[in-house]
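Data first, discussion second: the structure below is written as structure tokens.
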Amino acid sequence: MTVLAAIWAWFVALDPRIWQAVVAGAFVASGWLVNGRQNRLAAQRLRDEKLRDMHRAIYAEIDTNLANLGDEETLDASTAEMAERMQDDDSFVPLIPKERHDRLFDTVKSEIHVLPRVTIDPIVRYYSLQDTISALIEDMRSESYAKLPVNRRMAIYSDYIAMKKQALIFGKTANYLIKVFAEKGKEGAEAEAARLNRAAMSPRLVSNPASDRSAT
Numbered sequence: 002m003t004v005l006a007a008i009w010a011w012f013v014a015l016d017p018r019i020w021q022a023v024v025a026g027a028f029v030a031s032g033w034l035v036n037g038r039q040n041r042l043a044a045q046r047l048r049d050e051k052l053r054d055m056h057r058a059i060y061a062e063i064d065t066n067l068a069n070l071g072d073e074e075t076l077d078a079s080t081a082e083m084a085e086r087m088q089d090d091d092s093f094v095p096l097i098p099k100e101r102h103d104r105l106f107d108t109v110k111s112e113i114h115v116l117p118r119v120t121i122d123p124i125v126r127y128y129s130l131q132d133t134i135s136a137l138i139e140d141m142r143s144e145s146y147a148k149l150p151v152n153r154r155m156a157i158y159s160d161y162i163a164m165k166k167q168a169l170i171f172g173k174t175a176n177y178l179i180k181v182f183a184e185k186g187k188e189g190a191e192a193e194a195a196r197l198n199r200a201a202m203s204p205r206l207v208s209n210p211a212s213d214r215s216a217t
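Going from the sequence shown to this note's numbering is simple: count from 1 and add 1.
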């Protein structure tokens with residue numbers, strides 16, 4: 002008690018100006034804490050808003066591309082039709098139009114780190130495959146492809162259609178997880194991604210998000 006009394010007596014004896022400085026310092030420090038917390042909250046809100054905007058934009062672009070792809074039955078029918086035409090006329094070379102399905106993605110990919118890992122992976126997987134498809138299309142539009150034997154042209158065309166079918170799966174999976182993230186948050190999306198991985202990413206387990214274009 003003697004020690005406490007001595008400390009108290011020392012505080013009481015302090016110059017009032019020192020007390021004023023202490024009080025002023027406490028107010029300044031509390032202001033820093035409050036402002037710091039407000040800044041962190043504002044920064045988090047900005048990150049959340051940017052995440053939602055990027056998800057919406059990517060979802061819309063992928064959804065449009067999926068609509069243009071059609072379905073597996075349509076793609077299989079295209080393969081059968083081209084195979085028949087090539088067999089009937091071995092000089093026939095299919096005209097493959099150039100494709101570009103990543104214009105919007107290109108504008109946001111420098112900030113893709115804003116997105117959670119659970120959606121980044123399927124999104125990048127989808128767009129990487131689109132790059133591969135575009136490169137194959139360039140090859141199929143070349144004179145070298147036209148000069149190949151008909152069986153080689155047919156095999157390459159089949160590979161082209163197989164990639165498009167895989168793009169359907171990748172695109173549906175990416176948009177499905179974006180939609181789940183918007184509805185159930187990060188944990189819900191991670192749980193659903195784990196379920197899909199356990200099922201070897203079977204397209205039968207991915208509900209078609211094309212009917213819901215909101216992604217939010």
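Note that the Cβ used here is the ideal one computed from N, Cα and C, for glycine as well.
{"query": "Counting Cβ pairs, one atom from each stretch, are 3 or more of them under 8 Å apart for the stretch 191 to 202 and the stretch 82 to 102?", "result": "no"}
{"query": "Identify, in the order they occur along the chain, each residue of the same chain with its Cβ nearer than 7 Å to the Cβ of Leu52, setting aside the five sequence neighbours on each side.", "result": "Val115 and Leu116"}
{"query": "Hey, Ile162 and Thr80: beta-carbon distance below 8 Å or not?", "result": "yes"}
{"query": "Can you look up Glu100 in the DSSP assignment and give me helix, strand or coil?", "result": "coil"}
{"query": "Here's a check: name, in chain order, each residue in its chain whose Cβ is nearer than 7 Å to the Cβ of Arg142, leaving out the five neighbours to either side.", "result": "Ile97"}
{"query": "How would you call Lys148, buried or exposed, if buried means at least 16 neighbouring beta carbons within 10 angstroms?", "result": "exposed"}
{"query": "Have a look at Asp77 and Leu47 and give me their C-alpha separation to the nearest angstrom.", "result": "45 Å"}
{"query": "So, is Gln131 buried or exposed, given that buried needs 16 or more other C-beta atoms within 10 angstroms?", "result": "buried"}
{"query": "Taking 8 Å as the limit between beta carbons, can you name the residues of its chain near Ile59, skipping five residues before and five after?", "result": "Leu105, Phe106, Val109, Ile124, Ala175 and Ile179"}
{"query": "Comparing C-alpha positions only, which one of Thr65, Tyr146 and Asn69 sits nearest to Ile157?", "result": "Tyr146"}
{"query": "Have a look at Pro150 and Asp91 and give me their C-alpha separation to the nearest angstrom.", "result": "8 Å"}
{"query": "Quick check on DSSP: helix, strand or coil for Arg126?", "result": "helix"}
{"query": "In the DSSP assignment, find the unbroken alpha helix (DSSP H) run with Leu149 in it and report its ends.", "result": "Leu149 -> no alpha helix (DSSP H), and no H or E assigned at all."}
{"query": "Would you report the Cα separation of Arg118 and Arg86, rounded to the nearest angstrom?", "result": "45 Å"}
{"query": "Ala200 lies in the alpha helix (DSSP H); which residues open and close that run?", "result": "No alpha helix (DSSP H) holds Ala200; DSSP gives it neither H nor E."}
{"query": "Determine whether the beta carbon atoms of Thr120 and Phe182 lie at a separation below 8 Å.", "result": "yes"}
{"query": "Got a sec? Which residues, its chain only, sit under 6 Å from Tyr127 by beta carbon, not counting five neighbours each side?", "result": "Phe171, Gly172 and Ala175"}
{"query": "Could you give the uninterrupted runs of the alpha helix (DSSP H) lying entirely in the stretch 51 to 90, keeping only those of 4 residues or more?", "result": "73 to 89"}
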